[in-house]
Amino acid sequence: AINFINHSTSAGSYPRIQFARSRNTTVGCHTILQDGDVIGGFRWFGDDGNDFQNYAATIEVKVDGSPGNNSMPGRMEFKTATTAQCGNTLAMTIDSNGIITTPKQPAFLETIGTTIANVTGDTTSYVVVWDNEVFDQNADFTTSTFTAPVTGRYRLSLVISLSGLASGHVDARILLTASNRIVQHHYHGYNVRNGTSETSGNSLSTLMDMDATDTVTVTAYVGPSGQAKAVDIEGTGGSNAYTFFSGELVA
Numbered sequence: 092a093i094n095f096i097n098h099s100t101s102a103g104s105y106p107r108i109q110f111a112r113s114r115n116t117t118v119g120c121h122t123i124l125q126d127g128d129v130i131g132g133f134r135w136f137g138d139d140g141n142d143f144q145n146y147a148a149t150i151e152v153k154v155d156g157s158p159g160n161n162s163m164p165g166r167m168e169f170k171t172a173t174t175a176q177c178g179n180t181l182a183m184t185i186d187s188n189g190i191i192t193t194p195k196q197p198a199f200l201e202t203i204g205t206t207i208a209n210v211t212g213d214t215t216s217y218v219v220v221w222d223n224e225v226f227d228q229n230a231d232f233t234t235s236t237f238t239a240p241v242t243g244r245y246r247l248s249l250v251i252s253l254s255g256l257a258s259g260h261v262d263a264r265i266l267l268t269a270s271n272r273i274v275q276h277h278y279h280g281y282n283v284r285n286g287t288s289e290t291s292g293n294s295l296s297t298l299m300d301m302d303a304t305d306t307v308t309v310t311a312y313v314g315p316s317g318q319a320k321a322v323d324i325e326g327t328g329g330s331n332a333y334t335f336f337s338g339e340l341v342a
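Just so you know, the sequence shown maps onto residues 92 to 342 in the working numbering.
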């Protein structure tokens, strides 16, 4: 153990560890650092039953931008190791502006690129297959299913654009089906007139508690029975995402 003890009446006097680095190899001489240079850091090593060669976590302070006279912009990088890893992976960064980013934090955005035709309308419950992945941070999404990598609270949001709705289609449900529960938005009486086909955008958002390995899918249902199975899920119109599903770990 190392103890740092300070006795002072000054509010600005405190125990501290200080790191200093120059690109010059001669003591007493100075060469300016460059963007991305490591100024200092900490590493934690543990006995793996064989040696102390592998480290579990690292904190590094790096130059974050262009330094100059009396100016040294910096960022802090926090890195951790998985059970199958030798070395560390970046887990969190606090940049020179105080902005925090977490590149392994679960987050995804899926859209429908090509319209999926005739999936419901006759009370069929259709589990949506997403064909266009905008991003999947941490790689937790596969075609129709998001799998929670850790236990937590996940913000889930979706919009489904249904087309081919007729006057007889008066019952529709959009469901988020998770391992713990089902959250749904139930619609009645679409804006249809004289049997003319119409399109309806349907949204749903919730904060879902999920355990590690829990899953969630999106289901579209339109009825009642006896109606035609002629309702489509609209795909992207140019750069517009008519149908999308997004999620992120928030707590």
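Built from N, CA and C at the ideal position, the CB exists for glycine as well. Keep in mind that this is a model prediction, so the values were computed, not measured.
Exercise for the section: Report the three-state DSSP secondary structure of W135 (helix, strand or coil). Expected result: strand
Exercise for the section: Give every residue of the same chain whose Cβ lies closer than 7 Å to the Cβ of D300, excluding the five residues on either side of it in the sequence, and list them in chain order. Expected result: R244 and N271
Problem - DSSP beta-bridge partners of T306 - result: T238
Problem - Euclidean distance between Cα positions of Y281 and F226 - result: Low local confidence applies: a pLDDT of 49 at Y281 is under 50, so the model's placement there is unreliable, and no value is given.
Exercise for the section: Pick helix, strand or coil for S252, following the three-state DSSP scheme. Expected result: strand
Practice task
Kindly list the residues whose CB is nearer than 8 Å to the CB of N285, restricted to its own chain and excluding five residues on each side of it in sequence; keep chain order.
Solution key: With a pLDDT of only 37 at N285, under the threshold of 50, the placement of this residue in the model should not be trusted, and no figure is reported.
Exercise for the section: Spatial neighbours of E151 within its chain, please: CB distance less than 6 Å, with the 5 preceding and 5 following residues excluded, ordered by chain position. Expected result: V129, G132 and E168
Handout entry: Any 3 or more C-beta pairs closer than 8 Å across the segment 302-321 and the segment 260-268
Key = yes
Practice task
With DSSP as the reference, label K153 as helix, strand or coil.
Solution key: strand
Problem - Residues near T214 in its chain [Cβ-Cβ closer than 6 Å; skip 5 each side] - result: G314 and S316
Handout entry: Assigned secondary structure, F336 (DSSP; H/G/I helix, E/B strand, else coil)
Key = strand
Handout entry: Sequence-distant residues of the same chain with beta carbon closer than 6 Å to Y217, five excluded per side
Key = V210, T211 and A311
Handout entry: Closest residue to K320 among G255, A172 and E224 (Cα-Cα distance)
Key = G255
Practice task
Compare the C-alpha of G292 against each of D305, E201, I251 and A269 and name the closest.
Solution key: I251
Exercise for the section: Go to Q228, then tell me how far its beta strand (DSSP E) extends in each direction, as first and last residue. Expected result: N223 to Q228
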